[in-house]
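> Oh and the sequence shown: position 5 is 5 in UniProt numbering, straight run, nothing missing. Idealized CB from N, CA, C, for every residue including glycine.
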Amino acid sequence: MFTGAKLRRVRIVDMPTGAAVGQIAPEGAKKSFFRPDIQGLRTVAVVAVILDHLFGWPVGGFVGVDVFFVISGFLITGLLLREHDKTGTISFGGFYIRRVKRIMPAALLVIIVTVGAGYLFFNSLRAAQTLWDGIWATLFAANWHYAIQGTDYFNAGSAISPLQHYWSLAVEEQFYFIWPWLMLLIFWIVGKRRSSDVLLAHRAVGIAMAVIVVGSFAWALYETSTNPTWAYFSLFTRAWELGIGALLAVIAGSLARIPSLARPFLGWIGLVGIAASLFVVNDANGGFPAPWAALPVLSTALVIAAGTGGKQRYLWPIMNPVTSWIGDISYSLYIWHFPLIIFGIALFGDDPLVLGSIFVLTFAVAWVSYVLVEDPLRRARWYGGRSAHRRSKKRLFPDGVWTRQEGIIGVGALAVIVAIMSATAFVSVEPPASASSYKRDTTESPTPTADAASTTPELDALQGEISAALNTVTWPTNLTPTMDDAIAEDQAPADIYGCGFVNRDEAGCTWGDPNAAHSIVLVGNSISMTYVQAIRSAIGTDTGWRIVSWGMFGCPFTDWAVDNINEDRQRPSGCDDRHNQAVDAINSMAPDVVVVSGLLSEEGARAQLSKITTSPRILFTPGPPTTENPQDCYTPTSTPTACVSTVPADWAATERKLEDVGTLVDTRPWFCAFGKCPPFVGTIPMKIDSGHMTAEYADRIAPVIREYLTAAGIGFPQAP
């Protein structure tokens, strides 16, 4: 996970496109079709997102997507209502062709360029992943693709896709695949178009959308607390945000009656609410997208409402020529900025000069894309009738769908809610300890534990190889496997891999003599599964020992009734059963050693370990440091130094708290020297991703592990 200038997976957003900016005036009023306040909102949102992705500031910049969802819901619903009022129906062919013209040319260009650049500058695995990401993005299904990846443990260490920001474009288009049809169904049910029926039809549409908003928000609250990754990406948990904009469109006729004197106050309350969300809503505080997305959503709604049907004044921060220009190119800005950031940092690093250059380049590329691709093709006559940028002067919303009193009461209530949420949001919130900055130790050399052997020839030899690798400035040509093949490996060899799932063959997950007098049991998550190969190789042909794996991918050895850590993904189905089976097996067979890898918290691990009634030697074995991911840092143009990890100062913090229960094995010397960890040792790549070693490297450290176990009094002879 990136911090600071680097990118956070759960906070990646997109700028939904919306429609052309329009303003609806009450009957008899002078009509204006340009909404500088909406253009300004687009500017605030897109600039905040870009700054957040580049510099990590503002921390809540990712809420720009919520601002755009509201804008889009307002404008598109308004256009659909307008068309039905004018023609008595909705032309789905015309609607979807306009959508394609609006978004696809520039979107496809970015996808094609990004996929091509991936094959030039990424390793082969990441390039292939980018190709598939591009296919999903083209099919408007990127949100489901990334939701699945986010809940798939085997992709947890994958590098961030340069096309991941297309997820919200997919959400928007999925919404517009459903909403126009539902509107037409409502219109058909209400009856043929007459003056009174138009009012009734609009009210029916508003009621239907209100139901959708309430249901979607309720579901978002549930999913955010139980499955935050799916809550972030899902159409069903995001529909309420577009729905708020749609409701504004339905009641726009009543909003036009807001007194002129009240408009600036409402607009500023909304703008302050958006500002509050940019600086205080963050992933460390939780509760996103629900309930905290309500702050930017309702704030945006208030700004739009204040400028609907009447001239918005005094909102100068978002109503000026600069914000209007940026608003014009905001779509191109967003679809280009993320690939430019990913490739720029991958190729040139993340020092301030590089990041500043990426910021400037993003605006230059977006402007060229807007002038040469987006705007000309949006205006092109791909479909009969007037070009899409021309707008009918027919009033979009009939007057009186809602009474003046209802509109004023509703907007007033909205203003109060936004003001309260803004005030609450600005109250200092102390983030949880787990969200604090990641401090790294770059100076101290590894220090062996007290029970490590005083004579360690195998470890000394390995340390020499690690030091030599740290001084290597070019990738060796004789790496076996190659770096491309290494990062494509599974998290365990084929004959071990199946043991990490619910349906495991117990006999097939036991190695060595099944009747041996001594035994080792491994428990934990995928880190445990990687150590199976290392310990299996360490035992070799020793007939006095057997090893049994009870680990499971994505299933830390913890008591979930005690451990209430809110992870970004749910634990796999069957995790609790695996824990129970492992504890029963340990209590039955009374092994000499239990090796525990991959912990969440002291409390959960301590509670789980307390269920063991026998007295095995408990060893805690952390995996390799996770500060660099070869799937990200290894490219055809990179050097090994780009993939050197640093041992964090809080290395094995949880395991240290459990040293009264078991022994923390200092695994740092197995992977690092003097606080630095190379991407390969000798001719062997070390890791397949940010935290899992290759099977080949597991074999390489097997003699070191055997040396450690022997010196620790486990009972091995000196040779297999």
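I need the straight-line Cα distance from V280 to P625, nearest angstrom please.
Cα to Cα, V280 sits roughly 31 Å from P625.
> Can you tell me which of N515, P493, C555 puts its alpha carbon nearest to the alpha carbon of Y697?
Among N515, P493, C555, the Cα nearest to that of Y697 belongs to P493.
> To which residues of the same chain is P105 closer than 8 Å at the C-beta, ignoring the five residues directly before and after it?
Result list for P105: V373, E374, L377, R378, in chain order.
> Identify the continuous beta strand (DSSP E) that holds G94 and give its terminal residues.
No beta strand (DSSP E) contains G94, which is instead part of the alpha helix (DSSP H) from 92–121.
> Taking W511 as part of the beta strand (DSSP E), name the residues at either end of that continuous run.
Element bounds for W511: 510–512.
> Am I right that L125 and A488 are in contact with their C-beta atoms under 8 Å? What's the rounded C-beta distance?
Indeed, because the Cβ distance is near 5 Å, the residues count as touching under 8 Å.
> Within 10 angstroms of its Cβ, does V371 collect 16 or more other Cβ (buried), or is it exposed?
Exposed, because fewer than 16 other Cβ atoms sit within 10 Å of the Cβ of V371.
> Start and end of the beta strand (DSSP E) containing G524?
518–524 is the extent of the beta strand (DSSP E) around G524.
> What residues in its chain sit with their C-beta under 6 Å from that of G508, if we drop five residues either side in the sequence?
So no residue of the chain qualifies.
> Less than 6 Å between C-beta atoms, sequence neighbours within five positions excluded: which residues of the same chain meet that for D660?
Counting only Cβ-Cβ distances below 6 Å, and skipping sequence neighbours, we find nothing.
> How long is the line joining the alpha carbons of I251 and I304, rounded to whole angstroms?
Distance between the alpha carbons of I251 and I304 is about 12 Å.
> Are the CB atoms of L619 and V593 within a distance shorter than 8 Å?
Taking 8 Å as the Cβ cut-off, V593 and L619 qualify as a contacting pair.
> Go ahead and pull the three-state DSSP assignment for R381.
DSSP places R381 in coil when its eight states are reduced to three.
> Pull the bridge partners of K676 from the DSSP assignment, please.
T646, A673.
> Could you pull the DSSP bridge partners for F620 from this structure?
V596, L664.
> Thinking C-alpha only, which one of I103, V100, W132 is nearest V115?
Of the listed residues, the one whose Cα sits closest to V115 is W132.
> Let's test the definition: count the other Cβ atoms within 10 Å of the Cβ of F74 and tell me whether it reaches 16, buried, or not, exposed.
Label assigned to F74: buried.
> What would DSSP say about M483, mapped onto helix, strand or coil?
If DSSP states are grouped into helix, strand and coil, M483 belongs with the helices.
> Taking Cβ positions, are L709 and A538 nearer each other than 8 Å?
Their beta carbons are under 8 Å apart, which means L709 touches A538 by this criterion.
> Express the C-alpha separation of K657 and G64 in angstroms, rounding to a whole number.
Taking the straight line from one Cα to the other gives about 40 Å.
> Less than 6 Å between C-beta atoms, sequence neighbours within five positions excluded: which residues of the same chain meet that for G286?
Excluding sequence neighbours, G286 sits near nothing in its chain.
> Grouping DSSP H, G and I as helix and E and B as strand, with all else coil, what is W136?
Correct three-state label for W136: helix.
> If we count Cβ pairs, one from each stretch, closer than 8 Å, do we get three or more for the stretch 140–152 versus the stretch 162–182?
Enough Cβ pairs lie closer than 8 Å, so yes.
> Do you know whose CA, among D632, G309, I466, P162, lies nearest F671's CA?
Checking every option, the nearest Cα to that of F671 belongs to I466.
> Between which two residues does the beta strand (DSSP E) holding V548 run?
Segment 545–549, the beta strand (DSSP E) holding V548.
> Distance check for T229 and S615, CA to CA, integer angstroms please.
Each residue's alpha carbon lies about 40 Å from the other.
> Can the beta-carbon of residue 790 be found closer than 8 Å to that of G691?
Outside the shown range of the chain (1 to 720) lies residue 790, about which nothing can therefore be said.
> Would you identify the three-state DSSP class for V190, choosing helix, strand or coil?
Correct three-state label for V190: helix.
> Report all residues from its chain with a CB closer than 8 Å to the CB of W367; omit the five preceding and five following residues, and keep chain order.
I329, S332.
> When DSSP labels each residue in this structure, what does M529 get in the three-state scheme?
Three-state result, M529: helix.
> Counting only beta-carbon separations shorter than 8 Å, does G574 have a partner in chain C?
The displayed structure is made up of one protein chain only, and chain C is not part of it.
> So, is I269 buried or exposed, given that buried needs 16 or more other C-beta atoms within 10 angstroms?
That one is buried.
> Closer than 8 Å is the cut-off here; do at least three beta carbon pairs connect the stretch 90–98 with the stretch 310–320?
Short answer: they don't touch.
> Check whether the stretch 627–636 touches the stretch 669–689, counting contact only when three or more Cβ pairs, one atom from each stretch, lie closer than 8 Å.
The answer is yes - the stretch 669–689 touches the stretch 627–636, with three or more Cβ pairs under 8 Å.
> My assumption, with CB atoms under 8 Å, is that W491 sits in contact with F553. Please give the rounded CB distance.
The sequence given here has Gln at residue 491, not Trp. At roughly 7 Å, the Cβ-Cβ gap stays under 8 Å, so Q491 and F553 are in contact.
> Please state whether DSSP places K611 in a helix, a strand or coil.
Three-state DSSP puts K611 in coil, outside helix and strand.
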